[in-house]
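Colleague:
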Amino acid sequence: MTAQLTTVAQGSGRNQGIELVRILAAFAIVWYHSKAPGSEISYSGLSAFLILTMLFEVGSNWSRRARIAELARRLLIPWAFWFGVFGAINLARHQPFMSLDYSGGWVAGVLAGSSIHLWYIPFIFALIVTLAVIKRSVDRQVLLWLTMMAIVVNLATVWQWEPWSRQVGYPLAQWMQASTAVLIGLLIGLHRSTRWGVQALAVALMLVAATWMLFPLPGVALPHLIAALVLLAALRWGDRIPTSHVIQTLANATFGIYLCHPIFLGAAKQLPIHVALRVTVAFVTSALFVIVYQRLRAWLKQPALPVA
Numbered sequence: 000m001t002a003q004l005t006t007v008a009q010g011s012g013r014n015q016g017i018e019l020v021r022i023l024a025a026f027a028i029v030w031y032h033s034k035a036p037g038s039e040i041s042y043s044g045l046s047a048f049l050i051l052t053m054l055f056e057v058g059s060n061w062s063r064r065a066r067i068a069e070l071a072r073r074l075l076i077p078w079a080f081w082f083g084v085f086g087a088i089n090l091a092r093h094q095p096f097m098s099l100d101y102s103g104g105w106v107a108g109v110l111a112g113s114s115i116h117l118w119y120i121p122f123i124f125a126l127i128v129t130l131a132v133i134k135r136s137v138d139r140q141v142l143l144w145l146t147m148m149a150i151v152v153n154l155a156t157v158w159q160w161e162p163w164s165r166q167v168g169y170p171l172a173q174w175m176q177a178s179t180a181v182l183i184g185l186l187i188g189l190h191r192s193t194r195w196g197v198q199a200l201a202v203a204l205m206l207v208a209a210t211w212m213l214f215p216l217p218g219v220a221l222p223h224l225i226a227a228l229v230l231l232a233a234l235r236w237g238d239r240i241p242t243s244h245v246i247q248t249l250a251n252a253t254f255g256i257y258l259c260h261p262i263f264l265g266a267a268k269q270l271p272i273h274v275a276l277r278v279t280v281a282f283v284t285s286a287l288f289v290i291v292y293q294r295l296r297a298w299l300k301q302p303a304l305p306v307a
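Numbering (numbering that gives the first Met the number 0), first residue to last: 0 to 307.
1) Give the secondary structure of Y169 by DSSP, where H, G and I count as helix, E and B as strand, and everything else as coil.
2) Are G83 and M97 closer than 8 Å when you measure CB to CB?
3) How long is the line joining the alpha carbons of P261 and H32, rounded to whole angstroms?
4) Going by other Cβ atoms of all chains shown within 10 Å of its Cβ, with 16 needed for buried, is M147 buried or exposed?
5) Relative to the C-alpha of G58, which candidate in R296, R13, L186 and V207 has its C-alpha closest?
6) Which residue marks the beginning of the alpha helix (DSSP H) containing M53, and which one marks its end?
7) Apply the 10 Å Cβ neighbour rule to M53 and answer buried if 16 or more other Cβ atoms are within range, or exposed otherwise.
8) At the level of alpha carbons, what is the spacing between S113 and L270?
9) Could you check if G12 is buried or exposed, using at least 16 other CB atoms within 10 Å of its CB as the buried criterion?
10) Straight-line CA distance for A281 to L264?
11) Restricting to Cα atoms, I'd like to know which of H93, A111, R92 and L90 is closest to D100.
12) Helix, strand or coil: which one does DSSP assign to Y31?
13) Check P77 in the structure and name its three-state DSSP category.
14) Quick one: Cα of T1 to Cα of V202, how far?
15) Out of L216, P36, G44 and R277, which one is the CA nearest neighbour of R229?
16) Within 8 Å of any Cβ in chain C, is that where the Cβ of A71 sits?
17) Report the three-state DSSP secondary structure of M147 (helix, strand or coil).
18) Could you check what DSSP says for N14 in three-state terms: helix, strand or coil?
19) Thinking just about the alpha-carbon of each residue, which of H116, V128, P95 and W105 is nearest to the one in E69?
20) Would you say the region 16-34 touches the region 233-241, given that touching needs at least three Cβ pairs under 8 Å?
21) Beta-carbon within less than 7 Å of W78's beta-carbon, same chain only, minus the 5 sequence neighbours each way: which residues are those?
22) Just confirm the distance between the C-beta atoms of L154 and L206, as a whole number of angstroms; I'd bet it's less than 8 Å.
23) Classify K134 as helix, strand or coil using the three-state DSSP reduction.
24) Should V29 go down as buried or exposed, given a rule of 16 or more other Cβ atoms within 10 Å for buried?
25) DSSP three-state call for Q269: helix, strand or coil?
26) Between R309 and I88, what straight-line distance do the alpha-carbon atoms span, to the nearest angstrom?
27) Based on Cα-Cα distance, which residue from R135, F288 and F254 lies nearest to W61?
28) Out of L189, I76, Q159 and I150, which one is the CA nearest neighbour of L51?
Right, here's the structure in full:
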């Protein structure tokens, strides 16, 4: 996920449609964690980030050598910082620093995080590292077919692994729920550079749609389908959107928003306003916090703290 929630290339000339999707995805994640009506569908925000990360790793970043130390600095150091922050908040509330009520004991507790949203960071780090190893020895066409077979198995057995993973608990339940989006992201990233990529992608999306209709498990297939279709539209037409300083500023803040939003969401829940406004307030204040921090850091020309 690099310095943001995706491995989108740095610099100017970004697809503004993709940047807009990142902003909307961050807002959807805040909505998802609010448990407000429609929160199961808003998991599509996290699906979008997963798909984006994978599609760029096997697309424009295919030949780019993964620098593990740099990746760890950008992902694991912020993760460790916010692990400590949310752990301290838990202690202040007379709760355990991190939950150990998982079948995997303290290992699962660390991977799940002192706040449940932190599971995503080590998960995506491990995915990028694993994919870097695979890319060294597997041809793109072979990887496409392997991905296609994996997504068929994933969706054909969803009614088995989804209840089972929920029973096992965190973080396995989150990993399994994310697996479909990961595979879709690989397919989207590979479809431009392989002979049968477009056909495989079409079949995958039809499988996701069929899974949603035949096996109506909450928050499983539909969010992935929504995220995939929105991202495909952004990839196709997003470059027609004029470059916007506002969009770029917010997009650059999405990783920080993801990390800190539970604090602002918890505060917003105390407000006597409609839940949609609470989510909006939490998102806006999270974004302002991150943007002000980034501007202050640039003004002082100080090295980045592990905040965003």
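Note that beta-carbon positions come from the ideal geometry of N, C-alpha and C, so glycine has one too.
Modeller: Quick answer:
1) coil
2) no
3) The alpha-carbon atoms of P261 and H32 are separated by roughly 8 Å.
4) It counts as buried.
5) Of all alpha-carbon atoms in R296, R13, L186 and V207, the one lying nearest the alpha-carbon of G58 is that of L186.
6) S43 to E56
7) Burial check for M53: the Cβ neighbour count within 10 Å reaches 16 or more, so the residue is buried.
8) 25 Å
9) exposed
10) 5 Å
11) Of the candidates H93, A111, R92 and L90, the one whose C-alpha sits nearest the C-alpha of D100 is A111.
12) Note: Y31 maps to helix in three-state DSSP.
13) helix
14) Any answer about T1 is weak, because its pLDDT of 38 lies below 50 and its placement is not dependable; what the coordinates show is given next. Those two C-alpha atoms are separated by around 30 Å.
15) For the record, residue 229 in the displayed sequence is Val; it is not Arg. The shortest C-alpha separation from V229 is found at G44.
16) Checking the listed chains, one finds no chain C in this structure; it contains a single protein chain.
17) helix
18) coil
19) V128
20) yes
21) L117, I120 and P121
22) 5 Å
23) helix
24) With 16 or more other Cβ atoms inside 10 Å of its own Cβ, V29 counts as buried.
25) coil
26) Outside the shown range of the chain (0 to 307) lies residue 309, about which nothing can therefore be said.
27) R135
28) L189
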